[in-house]
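So the protein sequences, as listed, match chains Z, C, P and A. Numbering (the working numbering) for the first sequence: 1 to 273. Numbering (the working numbering) for the second sequence: 274 to 546. Numbering (the working numbering) for the third sequence: 547 to 849. Numbering (the working numbering) for the fourth sequence: 850 to 1152. A virtual CB, placed ideally from N, CA and C, is assigned to each residue, including glycine.
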Amino acid sequence: MKKTIPTDSSIHTGEVLFNKEVAPGICRMRIFHDEIARTSLPGQFINIRVSNNMEPFWRRPFSIHATHADEHWFDILYRVIGIGTQKLAFVKSGEIINFVGPLGNHFIADPAITKTSLLVGGGLGIAPMVILAHYLIQRNIHPIVFYGVRSQSELCSLPDLQALTSDIYIATEDGSVGQTGYITESVDAFLRQQTQYNELNIYACGPNPMLDRLGQIAELYHVPCQVSLETLMGCGIGACLGCGMKTRNSEKPYVYVCKEGPVFQAGEIDFSE
Amino acid sequence: MKKTIPTDSSIHTGEVLFNKEVAPGICRMRIFHDEIARTSLPGQFINIRVSNNMEPFWRRPFSIHATHADEHWFDILYRVIGIGTQKLAFVKSGEIINFVGPLGNHFIADPAITKTSLLVGGGLGIAPMVILAHYLIQRNIHPIVFYGVRSQSELCSLPDLQALTSDIYIATEDGSVGQTGYITESVDAFLRQQTQYNELNIYACGPNPMLDRLGQIAELYHVPCQVSLETLMGCGIGACLGCGMKTRNSEKPYVYVCKEGPVFQAGEIDFSE
Amino acid sequence: MNKLAVTIGNLTLKNPILTASGTFGYGNEYAPYFDVSALGGLISKTITLNPRAGNAFPRIAETPSGMLNSIGLANVGIDAFISEKMPYLRSLDTVNIVNVAGFTIDEYTEVVQRLEDVDGIDGYEVNISCPNVKEGGVAFGSNPNITAKITANLRTITTRCLIMKLTPNVTRISDIARAAADAGADSVSLINTLVGMAIDVRTRRPKLATITGGLSGPAIKPVAIARVYEVAQAISLPIIGIGGIMNADDVLEFMMAGATAVQVGTANFIDPDVCMTIINDLHSYCEREAIQSVGAVIGSMIM
Amino acid sequence: MNKLAVTIGNLTLKNPILTASGTFGYGNEYAPYFDVSALGGLISKTITLNPRAGNAFPRIAETPSGMLNSIGLANVGIDAFISEKMPYLRSLDTVNIVNVAGFTIDEYTEVVQRLEDVDGIDGYEVNISCPNVKEGGVAFGSNPNITAKITANLRTITTRCLIMKLTPNVTRISDIARAAADAGADSVSLINTLVGMAIDVRTRRPKLATITGGLSGPAIKPVAIARVYEVAQAISLPIIGIGGIMNADDVLEFMMAGATAVQVGTANFIDPDVCMTIINDLHSYCEREAIQSVGAVIGSMIM
Ligand SMILES: Cc1cc2nc3c(=O)[nH]c(=O)nc-3n(C[C@H](O)[C@H](O)[C@H](O)COP(=O)(O)OP(=O)(O)OC[C@H]3O[C@@H](n4cnc5c(N)ncnc54)[C@H](O)[C@@H]3O)c2cc1C
Ligand SMILES: Cc1cc2nc3c(=O)[nH]c(=O)nc-3n(C[C@H](O)[C@H](O)[C@H](O)COP(=O)(O)OP(=O)(O)OC[C@H]3O[C@@H](n4cnc5c(N)ncnc54)[C@H](O)[C@@H]3O)c2cc1C
Ligand SMILES: Cc1cc2nc3c(=O)[nH]c(=O)nc-3n(C[C@H](O)[C@H](O)[C@H](O)COP(=O)(O)O)c2cc1C
Ligand SMILES: Cc1cc2nc3c(=O)[nH]c(=O)nc-3n(C[C@H](O)[C@H](O)[C@H](O)COP(=O)(O)O)c2cc1C
Ligand code: FES
Ligand code: FES
Chain Z
1 MKKTIPTDSS IHTGEVLFNK EVAPGICRMR IFHDEIARTS LPGQFINIRV
51 SNNMEPFWRR PFSIHATHAD EHWFDILYRV IGIGTQKLAF VKSGEIINFV
101 GPLGNHFIAD PAITKTSLLV GGGLGIAPMV ILAHYLIQRN IHPIVFYGVR
151 SQSELCSLPD LQALTSDIYI ATEDGSVGQT GYITESVDAF LRQQTQYNEL
201 NIYACGPNPM LDRLGQIAEL YHVPCQVSLE TLMGCGIGAC LGCGMKTRNS
251 EKPYVYVCKE GPVFQAGEID FSE
Chain C
274 MKKTIPTDSS IHTGEVLFNK EVAPGICRMR IFHDEIARTS LPGQFINIRV
324 SNNMEPFWRR PFSIHATHAD EHWFDILYRV IGIGTQKLAF VKSGEIINFV
374 GPLGNHFIAD PAITKTSLLV GGGLGIAPMV ILAHYLIQRN IHPIVFYGVR
424 SQSELCSLPD LQALTSDIYI ATEDGSVGQT GYITESVDAF LRQQTQYNEL
474 NIYACGPNPM LDRLGQIAEL YHVPCQVSLE TLMGCGIGAC LGCGMKTRNS
524 EKPYVYVCKE GPVFQAGEID FSE
Chain P
547 MNKLAVTIGN LTLKNPILTA SGTFGYGNEY APYFDVSALG GLISKTITLN
597 PRAGNAFPRI AETPSGMLNS IGLANVGIDA FISEKMPYLR SLDTVNIVNV
647 AGFTIDEYTE VVQRLEDVDG IDGYEVNISC PNVKEGGVAF GSNPNITAKI
697 TANLRTITTR CLIMKLTPNV TRISDIARAA ADAGADSVSL INTLVGMAID
747 VRTRRPKLAT ITGGLSGPAI KPVAIARVYE VAQAISLPII GIGGIMNADD
797 VLEFMMAGAT AVQVGTANFI DPDVCMTIIN DLHSYCEREA IQSVGAVIGS
847 MIM
Chain A
850 MNKLAVTIGN LTLKNPILTA SGTFGYGNEY APYFDVSALG GLISKTITLN
900 PRAGNAFPRI AETPSGMLNS IGLANVGIDA FISEKMPYLR SLDTVNIVNV
950 AGFTIDEYTE VVQRLEDVDG IDGYEVNISC PNVKEGGVAF GSNPNITAKI
1000 TANLRTITTR CLIMKLTPNV TRISDIARAA ADAGADSVSL INTLVGMAID
1050 VRTRRPKLAT ITGGLSGPAI KPVAIARVYE VAQAISLPII GIGGIMNADD
1100 VLEFMMAGAT AVQVGTANFI DPDVCMTIIN DLHSYCEREA IQSVGAVIGS
1150 MIM
């Protein structure tokens, strides 16, 4: 895919403006930081030092969820799953957080060829979609959001999305709201109904099986599809070579997600492993 | 020295009632715990797990400073010096603390042979002297407190001591209050003025050089002297064999402070190292 | 049937949790904290022919996720062990394994010979891996020939369970394990501590009086798991895994790597009832995962 | 005079802080975070004759106070290194040490031969200690004869500073160090990672695709300090200490144990500007302690 030049990354500290549970086990944290608020691009992430000691040892990466340049803040949205996110959930407003960023490349939008974008978020994969929808609207691209979760209670940031677009499709695995089943099938159904595909594209973030399936759907309809990946990250800056994903290109069997990603064309990645 | 049977030790949790700075860099923590409040003896200590993670790795030992059986609490008094005590200082009232105790032997008082005791505390060595003074008074032994610090600002728990005895001698190294110099010299001066020594004894806790000098003074006047020692402690329960002090007895070259102490006759210990 | 039972040589342990020598005293130190008889087995502090005061102080130092020690096999000596410590150990309803060491090859034989007459001993763990003594110790355990010799000598004089305790401070631990296995050991236990050192930069003094010591605790767990896995590929004897175990997950990790049982060491210092917690958690694990015998976990890593 | 300057062979480093190979990429990765020219020297990712994609994923795992890696010497290969990476490295105002490896003894010679013609290289660090490759690597570095052979071969073809990087996964590292010293090395650097392993007990899968990997970070610092001290007693060459350095105190600890310079590895992942912080803190230390040259700290442990 076209190479993008990421914004300069640095080590920053920022004050936490709030950090609250927005759904069971899911928190949203707002950090005061003018530079990130102004310069970060959709799909980029920050790498947070969640503790001053060695537990956990590595930083923890989180997508930038939303930004507000005038108010100098940005948000992350995260699920509490292990020691790092547990510690993060304990941070109180007023405390100072240390992070590296903005890191990685970003979703690419070209208004000359795209009029409508499908933004597909699975679970916490919704995180980059708020900043992305905002970004697209500024570029006159119409965002249609597809949001899949296990159950209604996990839905986050709907008001943010609704403020940006009225086209929001929801699928839940348990059928508690929206379509029952996987969000990929809603995307498939949507695409099937279209009459032309050349001004469409897809942006997606979520579990690998979802991205894999979505890549297949996109290929079927010949719609470009950019996916944002997650892997374990030792450094986040391209130094440890720990964050690889297998590609379909035997000349370059791996891509490094932190530096060459996290955003890739779906077709580049080999999700089979 | 006469062997004492320590109270049964267990792993406990207790609620912190308060934890506040009482002098620059010195905190007092009150813990709600009926059993410790009722059963612990002067000189015994508890071993606190100051964090849930591995920093610091070991527990940290602190003398029992004061107890209140009816109100079911006990206090510790501690100086913030490194990672463990820094974390301890962050604990808020209402939080639950995990500790092992009561540990170790204790100061021994025999009203049949002792009428007056000199309680000598150097710096944080004052910690066990409050519970000890209380204990002695209950046994009709009159406590005279000798309290040495570097400077007036470091004096702690004077009201507690004053409530128990009016005989309090203070020495400061900088002369900001009381005698100028080491408290051991105040003890020496006091003893020099006495006419008889057979109903006296000394209890002491503080830096090793102080205890060493005090032992010499005690020997001079043939006054029994019990000292409470501090060493690094890996376990606090007699298992790691890490907490040794050299003795003057070549048959038994080391004593283990956590289990055989922390209280010893001054004459047993070789402070030369 | 007891789901947690495992077998080491002629011994059945009611669960895979043993205590690591030198971290559990002679057992009674822990009696206030839990019912010591609940253990799969108790391995006592290394016993030598003569009492030893041990090395000079400081003997311990805290390190990132671990600690250093240079106790130097301080122990009461075999006579006092038999007269003062055995009665308590004998009274327990658990497997009693006595850890032994010598400073010459013959001394190992001598110590075990003395213990052969003593009732209530179920097995020996032979410490050929102590990094904190000048003679014997790790010097023996890093040499396959001496390892074989000590093992063979002891095998001729005892039918009790014979466990050789190995050092990780060698180029290939499986060579040593094979030597012990071929010479008749019933099991090997690993790892003893890694040689380590720390300096107090304020005083410029080593944190241990002996300068170097042995590193233990969670810091060494990845090394221990790798060694257990290596040895499990090399020999068919049951392996006892040691190093940095703090909880039941750590025990499962060792067993998946190939250990039949484990020893809990430094963790006892942090939580004196940790072995009881681990045993309870292993029970819950087997319930939750519908495992009929914890033996099914041994070597069950999926590649 | 620069208080922090130290000497390794024919090189003067403006301070004792080098970056550990494989943790600092080819330098440019860190350019956003501090002025890389401030380093005492930069040691780049191991270079091999052919480009290598490296091992399968997962290649990294978090462990108590450390991490495991099994990168497997993924690198761009010597051609791309020279054409794509050297221009940036050459532009820096710091000592540029290239870490090299081969899979046969001759390959080491071949790689260095190729680099001899390249400008802007001040020295070589020879990786005979990688635990994550099947051929060469730690198998070479645990054999004193092969160590001597590789060292001697390279000594005949280069006058540039020659540093042999040693593995701790051996019975006696000083034997290997002596072999390197006698064969003409200018310095030895130690330690490379300890062999380690971890299993995810939920999935029962090893946390690394290669099963075992190399342990780094603060967890291994006590082992590294002990090895530096051991080698410092055995040879008179300058030693470069590596393992678990997170801050200036850790650097001083290595130097007191006998290291002339150090390498900062895993810490760069946690704080990409950690080397700058350390250099500043070393300056302050020398000021505060009125030390005229940091060289005075080397081997200054008091016994
Ligand atoms: C570029 C990028 C952006 C991300 N953005 C977000 C975000 O916006 N919101 C959010 O909630 N999470 C996000 N993540 C994932 C997030 O980083 C992890 O959930 C977090 O690191 C877990 O830390 P922990 O200490 O709580 O869990 P741990 O205790 O480290 O792990 C708990 C379990 O989760 C697994 N795990 C840990 N990290 C990952 C990972 N990155 N991918 C897959 N499995 C993992 C572990 O293997 C383990 O089984 C992102 C990850 C990347 C790489
Ligand atoms: C039986 C006993 C009772 C104690 N009672 C009290 C008390 O009532 N109040 C109080 O303030 N302190 C008391 N101490 C000392 C207290 O345990 C230490 O100050 C504490 O463990 C330091 O922990 P830290 O993590 O803050 O410091 P660390 O980071 O562990 O150490 C900082 C520095 O202090 C030194 N140090 C650490 N522990 C000790 C020690 N035990 N003796 C000497 N030097 C040490 C270290 O070597 C290091 O140089 C007692 C110690 C013992 C053994
Ligand atoms: C303080 C201490 C003393 C030890 N003493 C002995 C000993 O006497 N004999 C022995 O075989 N191992 C001894 N060890 C090693 C332990 O039995 C064990 O092999 C090692 O600590 C690794 O396990 P851990 O990480 O769970 O502690 C000792 C370890 C410690 C920490
Ligand atoms: C991710 C990673 C990759 C490494 N790659 C190399 C390498 O290519 N060549 C090498 O000689 N050492 C390599 N090492 C070892 C380091 O250079 C260093 O010796 C080791 O990590 C110990 O130092 P530390 O604890 O400061 O990280 C690597 C280490 C890590 C963590
Ligand atoms: S996380 Fe280290 S290279 Fe990507
Ligand atoms: S602190 Fe462990 S024996 Fe005393």
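Span of the alpha helix (DSSP H) around residue i
| i | result |
| --- | --- |
| residue 63 (chain Z) | Segment 60-63 is the beta strand (DSSP E) holding residue 63 (chain Z); no alpha helix (DSSP H) there. |
| residue 214 (chain Z) | 208-221 |
| residue 465 (chain C) | 456-466 |
| residue 994 (chain A) | 993-1006 |
| residue 1046 (chain A) | Unbroken run through residue 1046 (chain A) is the beta strand (DSSP E), 1043-1046; no alpha helix (DSSP H). |
Residue range of the unbroken beta strand (DSSP E) whose run includes residue i
| i | result |
| --- | --- |
| residue 758 (chain P) | 758-762 |
| residue 23 (chain Z) | 10-23 |
| residue 1011 (chain A) | 1010-1014 |
| residue 589 (chain P) | 587-589 |
| residue 246 (chain Z) | 244-246 |
Per-residue burial, residue i [other beta carbons within 10 Å of its own, 16 or more giving buried]
| i | result |
| --- | --- |
| residue 639 (chain P) | exposed |
| residue 341 (chain C) | exposed |
| residue 22 (chain Z) | exposed |
| residue 815 (chain P) | buried |
| residue 136 (chain Z) | buried |
| residue 1112 (chain A) | buried |
| residue 953 (chain A) | exposed |
| residue 493 (chain C) | exposed |
| residue 383 (chain C) | exposed |
| residue 916 (chain A) | buried |
Per DSSP, the bridge partner or partners of residue i
| i | result |
| --- | --- |
| residue 302 (chain C) | C:292, C:349 |
| residue 341 (chain C) | C:346 |
| residue 598 (chain P) | P:621 |
| residue 442 (chain C) | C:419 |
| residue 249 (chain Z) | Paired residue(s): none; residue 249 (chain Z) is not in a bridge. |
| residue 500 (chain C) | C:477, C:537 |
beta-carbon residue i near ligand 6 non-hydrogen atom, thresh 6 Å
| i | result |
| --- | --- |
| residue 613 (chain P) | no |
Residue i CB to nearest heavy atom of ligand 3 below 6 Å
| i | result |
| --- | --- |
| residue 762 (chain P) | yes |
| residue 839 (chain P) | no |
Residue i Cβ short of 6 Å to ligand 4 heavy atom set
| i | result |
| --- | --- |
| residue 691 (chain P) | no |
| residue 919 (chain A) | no |
Heavy atom of ligand 1 within 6 Å of residue i beta-carbon
| i | result |
| --- | --- |
| residue 28 (chain Z) | no |
| residue 49 (chain Z) | no |
Validate contact between the region 954-970 of chain A and the region 878-885 of chain A using beta carbons, cut 8 Å, 3 pairs:
no
Quick check: the region 407-421 of chain C against the region 347-359 of chain C, are there 3 or more CB pairs under 8 Å?
With the cut-off at 8 Å, the region 407-421 of chain C and the region 347-359 of chain C do not touch.
Is it the case that the region 464-477 of chain C contacts the region 431-443 of chain C, given that we only count it when at least three CB pairs across the two stretches are under 8 Å?
Look at the beta carbons and you see the region 431-443 of chain C not touching the region 464-477 of chain C: under three pairs across the two are nearer than 8 Å.
Taking one C-beta from the region 685-694 of chain P and one from the region 713-724 of chain P each time, how about it: are there three or more such pairs within less than 8 Å?
yes
Does the region 839-847 of chain P touch the region 590-607 of chain P, meaning 3 or more C-beta pairs lie closer than 8 Å?
no
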